[in-house]
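Each residue of the sequence shown is one higher than the one before, counting from 7 in the numbering used here.
Here is the structure we will look at, set down as structure tokens.
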Amino acid sequence: MHLLDVTMFYAVHGGGISSYLNAKSRWLAQLGQWRHTIVTSSMAPGCATGGAVPAVMSDAMPDVRSGFAPVFTAGSASPCAGTALIALAGRSVPGIHGYRLPRTPRALLQICERTRPDLVEVGDAGPFALSALAARRRLGMPVVGFYHSDLYALAAQRFGPAGAALVRRYLARVYRRCDLVLAPSRLMVRRLAQLGVPAAVHQPLGVDAGVFCPARRDAALRQRLGLDPATRLLVYAGRFTPQKKLHLLAGAMQRLGRPYHLLLVGGGVAAGAAAVIPRSTVLPFVSDPKRLAALLGGCDLFVHPADGETFGLVALEAMACGIPVLGTGGGVAELIDRHTGLVVAPDSAGALADGVAAMFEAGLAALASNARRKACEHYDWNHVMPQLLERYAGLLAAPGHRVGAAQVRSSRA
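As structure tokens, then:
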């Protein structure tokens, strides 16, 4: 059984989609009977992929007959050993930090013709999606479209109503042609329905609760940061981009004063905005999930100022570490309830500050315990991946794919 994942959102610097694909890679390797390929355009030539070998950079077709399958060090930050990673040449897109559009998206069609996947999952609606649908027409395998990024909202923000209308028509055209459309949050299911794609299915992402767990907590983190032991330590982890609204964190920290301190982990085009937040410490992007878990667990409260996330995987990772979450909307808000955190009004530094103060005043211990429990019981990959594979099996049960469907279901036994 061969699954091919393709997206411009798979990159060395991580992110929720990279974590999802790496987790899927490990899961499929454990099951056996699976061959997995990841195709991306966002890995620079010569970049490391986790320790074993550099990423393959080629617009040529992989010669599977000669054993094409780059080997990677197994771990949460990289694909599992044996997963083939094909990194096509990409070009930068202004305003999109760290991700690159494919220079030759039709190379995906050639890859599909050579490798003959049983199923293709497309993680973005860009040129790769059109090439995957072209491969579907020619080869007949089903295509899954996963709406990881809200391109419609981005277009509306940058180009106004006219640009949003064009993107709306394009997205409807792409996703209506997919055999299955997945969305990581109910909010995005509703978004797709508004765009004219009413059959989207809610498929949440997950977390490795064995990696992101309270036991990895860095108990000496305050000491390492030169902070007083009584410091109330907040944390934000993720990309530093305008969409993440770090200026709201600056305003909130200005209002909160002492004894609050903010740890920011990440990088990006808005790094300057992060650097000037009062009473804050900035650490660079952490590729090692265990180290990230140690940092998250050493803090008191995860704060997420953006309200445009389609899911909010890092917030879920914080919950798995036993850290309550303060959010403002979007997919993050669906992860939180009154027992695990707090959702405040978006676009308001004052609301963020008031929410932080209120949570500390009420006490964080019960919230932390509940957050961990919810992450483990509902979002551990051991719960999420079988659900995803069952969706694959449903597609492969279509005429011409019945043997494949049986293989999918038997591999879960």
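Just so you know, even glycine gets a beta-carbon here, dropped at the ideal spot from N, CA and C.
Quick caveat, the model's predicted, so the values are computed rather than measured.
For VAL180, there is no enclosing beta strand (DSSP E); the enclosing alpha helix (DSSP H) covers residues 157-182. Scanning the segment 224-249 from its first residue to its last, the whole alpha helix (DSSP H) runs of 4-plus residues come out as 227-230.
Taking 9 Å as the cut-off, the beta carbon of LEU186 is found no closer than this to the beta carbon of GLY333. Taking all protein chains shown into account, ASN28 has 16 or more neighbouring C-beta atoms within 10 Å of its C-beta and is therefore buried.
Collapsing the DSSP output to three states places GLY347 in a strand. At a Cβ-Cβ threshold of 9 Å, ALA206 and TYR181 count as neighbours. In the DSSP annotation of this structure, the continuous segment of the beta strand (DSSP E) that includes THR287 starts and ends at 286-289. With respect to SER47, ALA95 sits close: the two C-beta atoms are nearer than 9 Å. In the three-state reduction of the DSSP assignment, ASP386 falls in the strand class, which pools E and B. CA-CA distance, GLY304 to TYR26, rounds to 24 Å. The C-alpha of ARG41 is placed about 26 Å away from the C-alpha of ARG106. Here the segment 309-324 lies against the segment 211-225, with 3 or more beta-carbon pairs under 8 Å apart.
Take LEU370, set aside five residues on each side of it, and the residues of its chain with a beta-carbon closer than 7 Å to its own are ASP306, LEU307, PRO330, in chain order.
Shown here, THR110 sits in coil according to DSSP, grouped into three states, outside any helix or strand. Judged by beta-carbon spacing, VAL271 lies beyond the 9 Å limit of LEU254, meaning their Cβ atoms are not closer than that value. A direct Cα-to-Cα measurement between ARG230 and ASP224 gives close to 10 Å.
With a 10 Å radius around the Cβ and a threshold of 16 neighbouring Cβ atoms, PHE246 comes out buried. With respect to the C-alpha of SER375, the residue from CYS184, THR346, ARG143 having the closest C-alpha is THR346.
The Cβ atoms of ARG378 and CYS219 sit closer than 9 Å to each other. By a beta-carbon distance limit of 8 Å, THR89 does not contact LEU10. Their separation comes to about 11 Å. ASP130 and LEU91 have their C-alpha atoms roughly 17 Å apart. With respect to the C-alpha of ILE23, the residue from ALA258, ARG285, ILE44 having the closest C-alpha is ILE44.
LEU201: not part of any alpha helix (DSSP H); DSSP gives it neither H nor E.
Look at THR334 here: in three-state DSSP terms it is coil, with no helix or strand label. Under the DSSP assignment, ILE92 falls in the beta strand (DSSP E) whose first and last residues are 90-93. According to DSSP, residue pairing for SER98 in a beta bridge involves ARG106. Sequence-distant partners of ILE342 (beyond 5 residues in either direction) whose C-beta falls short of 6 Å from its own C-beta, in its chain, are VAL331, GLY333, VAL349.
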